[in-house]
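K.L.:
Mapping the sequence shown onto full-length UniProt numbering, position 33 (from 1) lands on 33, and the numbers just tick up by one.
By construction, the Cβ of each residue, glycine as well, lies at the ideal position given by its N, Cα and C atoms.
Structure incoming, see below.
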Amino acid sequence: MLNTSKTVSDVIHAHFNGLTRAERQLAESLLENYPVSGLGSITTIAENAGVSTPTVARMVQKLGYKGYPEFQAHLHQELEATISNPIAKHDRWAADAPNRHILNRFAEAVMTNLRTSLGELKTASFDEAALLLGDRNRNIYFVGGRITGALAEYFFTHMQVIRPKTTLMSSNASAWPQYVLNMQAGDVLVIFDIRRYEADLTTLAKVAKANKVEIILFTDQWMSPVAPHAGTCFKLHIEAPSAWDSSVVTLFVVEALIEAVQSSSWDETRERIHTLEGLFEQARLFRKPK
Numbered sequence: 001m002l003n004t005s006k007t008v009s010d011v012i013h014a015h016f017n018g019l020t021r022a023e024r025q026l027a028e029s030l031l032e033n034y035p036v037s038g039l040g041s042i043t044t045i046a047e048n049a050g051v052s053t054p055t056v057a058r059m060v061q062k063l064g065y066k067g068y069p070e071f072q073a074h075l076h077q078e079l080e081a082t083i084s085n086p087i088a089k090h091d092r093w094a095a096d097a098p099n100r101h102i103l104n105r106f107a108e109a110v111m112t113n114l115r116t117s118l119g120e121l122k123t124a125s126f127d128e129a130a131l132l133l134g135d136r137n138r139n140i141y142f143v144g145g146r147i148t149g150a151l152a153e154y155f156f157t158h159m160q161v162i163r164p165k166t167t168l169m170s171s172n173a174s175a176w177p178q179y180v181l182n183m184q185a186g187d188v189l190v191i192f193d194i195r196r197y198e199a200d201l202t203t204l205a206k207v208a209k210a211n212k213v214e215i216i217l218f219t220d221q222w223m224s225p226v227a228p229h230a231g232t233c234f235k236l237h238i239e240a241p242s243a244w245d246s247s248v249v250t251l252f253v254v255e256a257l258i259e260a261v262q263s264s265s266w267d268e269t270r271e272r273i274h275t276l277e278g279l280f281e282q283a284r285l286f287r288k289p290k
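If you want it as structure tokens, here you go:
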């Protein structure tokens, strides 16, 4: 039975090793410009992949779909979900929402997101990201979009305390070339990009990767176009009964990474925090208890 909680991309990846050579060629063609590459007619899809029409029909059935129309219907649903604006999204949730208090409904959605995301998250990817972020020989850059820029700033603020060589990039794409100018091979670029993906972030990722910069991506279950350029990708579930997507799971993973990095070099981190507290004292930033 087909698992409707998974994207078509997930299904393709899960079945990839069991596909024939022609079917793998088709799968790679579909994933290359996903999901748009799968929105044409079955004949067009076959021609673009250089395979026969029967190959397309056989593969979609092997993936668990009743036929090509059902396969394509799922792609259309995904595409609609990724481009839905806040008003359309709120109307959809409001129509389907059970008659319960928003706190309970929201908590249920967030907990489902967390369980699903953790079930799909590979600990090896998490450990690899923590290792990159903790390497003091690398410069770390953080950037996000119109909404996710706040998450990038939050991550940067903590990492700046833990280690040197951290930079928060401006959300203004016209300023990015100056940052890229200073990036060296082996540096790390942390990108936050969720649905209604921002084209400028994809351009930035392409340029950074060409300069051999390591990219860590935080995205959603539908996957930002940045994903093919990222060495480490956190694919996290974000839907909630709201006009806006939820950042709870993304923030959870960010905070877990912060702890992993600071604990890996606690002696140095503790010394930096001690020095910083002295600077706060001199600046009289915080009120002293009476």
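For the stretch 215-286, which segments carrying the beta strand (DSSP E) assignment without a break, of at least 3 residues, lie completely within its bounds, in sequence order?
P.N.:
232-236
K.L.:
Can you tell me where the beta strand (DSSP E) holding residue 142 begins and where it ends?
P.N.:
140-143
K.L.:
According to DSSP, is residue 194 part of a helix, a strand, or is it coil?
P.N.:
coil
K.L.:
Exposed or buried, which one is residue 297 when buried takes at least 16 other CB atoms within 10 Å?
P.N.:
No information on residue 297 is available, as it lies outside the stretch 1 to 290 that the chain covers here.
K.L.:
Residue 142 and residue 156 - do their beta-carbons sit closer together than 7 Å?
P.N.:
yes
K.L.:
What are the boundary residues of the beta strand (DSSP E) that residue 121 is part of?
P.N.:
Residue 121 -> no beta strand (DSSP E), and no H or E assigned at all.
K.L.:
Whose C-beta lies closer than 7 Å to the C-beta of residue 26 among residues of the same chain, with five residues either side of it excluded?
P.N.:
49, 51, 55, 56 and 59
K.L.:
Sort 146, 134 and 24 by Cα distance to residue 163 and report the nearest one.
P.N.:
134
K.L.:
Going straight from the alpha carbon of residue 76 to that of residue 38, what length do you get?
P.N.:
9 Å
K.L.:
Inspect the CB distances between the stretch 171-183 and the stretch 223-240 and report whether three or more fall short of 8 Å.
P.N.:
Flag = no, the stretch 171-183 and the stretch 223-240 do not touch.
K.L.:
So, at 6 Å on beta carbons, what are the nonlocal neighbours of residue 30 in its own chain, with the 5 sequence-adjacent residues on each side left out?
P.N.:
Setting aside the 5 residues that flank it on each side, residue 30 is surrounded in the same chain by 37 and 38, each with a C-beta closer than 6 Å to its C-beta; the list follows chain order.
K.L.:
Along the chain, where does the beta strand (DSSP E) that runs through residue 168 open and close?
P.N.:
166-168
K.L.:
What whole-angstrom Cβ distance do residue 211 and residue 180 have, given they're in contact under 8 Å?
P.N.:
Confirmed, about 7 Å.
K.L.:
Just the C-alpha distance for residue 239 and residue 110, rounded to the nearest angstrom, thanks.
P.N.:
8 Å
K.L.:
Is the separation between the beta-carbon of residue 113 and that of residue 249 shorter than 7 Å?
P.N.:
yes
K.L.:
Exposed or buried, what is residue 7 when buried is set at 16 or more other beta-carbons lying within 10 Å of its beta-carbon?
P.N.:
buried
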